[in-house]
Ligand code: 13P
């Protein structure tokens with residue numbers, strides 16, 4: 199069984215003081231967690247990455263960025279490169295988070311460039327996909343997710359796919375308290391795995407980790423993790439409270455122990 203993954207996306211939250219406090223609490227609690235049959239990563243705002251990375255050093259919790267730019271350097275005001283993120287100890291980056299797609303206006307084409315550049319530059323991308331409420335109501339979930347995955351991974355070899363993590367985050371479940379039911383999550387995760395099996399091969403599809411995100415909380419994490427194709431969670435709001443995030447990590451460890 200693959201190692202489950204718990205990601206905490208802090209979004210545009212925390213300040214210098216609260217980001218350090220959160221990192222310190224997570225670091226000391228995680229060091230004590232027996233086994234560690236789980237990968238945990240946090241995604242703080244860019245400006246706190248370095249300090250949070252220092253606070254997490256040696257704890258076993260990895261560091262990730264909420265976004266990245268695909269060009270290596272140059273006149274791209276406001277953007278952050280892959281090598282800058284590697285430089286300060288980042289191992290992961292989110293690509294195509296729903297807020298970047300729907301609030302900032304990122305396209306599938308731009309997201310594809312980010313995914314591809316991240317892998318080439320040594321960052322592991324978490325490609326986020328998910329449908330809007332009206333798309334679900336119109337039974338278009340599979341169509342939307344297919345487009346986002348096919349375009350986001352376009353041109354990527356099976357070998358490079360091994361570096362990718364997929365996060366299914368239905369937009370209607372993000373920050374709303376409306377979680378997808380475990381069955382709804384499982385259905386889409388199963389669909390994504392079958393799609394990847396057609397695009398690549400069965401082995402690659404089985405090996406890839408597919409996370410669920412959207413109002414994951416301490417009281418629903420276990421149920422979600424109980425689903426066959428849910429390999430981890432991408433947590434927003436609940437990752438800002440150390441205790442809640444730790445309860446979620448423990449639930450994930452309990453349900454998905456790699457052999
Ligand atoms: P919430 O857990 O706050 O719904 O956010 C989910 C998310 O967008 C994680 O990337």
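In the working numbering, the protein residues as written are 199 to 457.
C-beta atoms are modelled at their ideal positions from N, C-alpha and C, and glycine is treated no differently.
All figures in this text were calculated on a predicted structure; none of them were measured in a lab.
Checklist entry - Ordered along the chain, which non-local residues of its own chain (more than five positions away) have a Cβ less than 8 Å from that of residue 351? => result 310, 313, 325, 359, 362, 397
Checklist entry - What is the DSSP secondary structure of residue 213, counted as helix, strand or coil? => result coil
Checklist entry - Which of helix, strand or coil does DSSP assign to residue 268? => result coil
Item to check | residue 447 (DSSP reduced to helix, strand or coil) | outcome: helix
Item to check | Simplified DSSP assignment, three categories, for residue 250 | outcome: helix
Next on the checklist: Can you tell me whether residue 457 is helix, strand or coil according to DSSP?
Outcome noted: In this prediction, residue 457 scores a pLDDT of 45, lower than 50, which makes its location untrustworthy; no coordinate-derived value is stated.
Next on the checklist: Can you list, in chain order, the residues of its chain with a C-beta nearer than 7 Å to that of residue 288? Leave out the 5 residues immediately preceding and following it.
Outcome noted: 247, 261, 262, 263, 321
Item to check | Bridge-paired residues (DSSP) for residue 323 | outcome: 291
Item to check | Local conformation of residue 231 per DSSP, three classes | outcome: coil
Checklist entry - In whole angstroms, what is the alpha-carbon distance linking residue 235 and residue 437? => result 19 Å
Checklist entry - For the 8 Å Cβ check, are there 3 or more pairs between the segment 238–247 and the segment 404–421? => result no
Next on the checklist: Once the 5 residues before and after residue 270 are set aside, which same chain residues still bring their CB inside 7 Å of it?
Outcome noted: 279, 281
Item to check | Closest Cα partner of residue 334 within the set 316, 302, 371 | outcome: 371
Checklist entry - How is residue 263 classed by DSSP in three states: helix, strand or coil? => result strand
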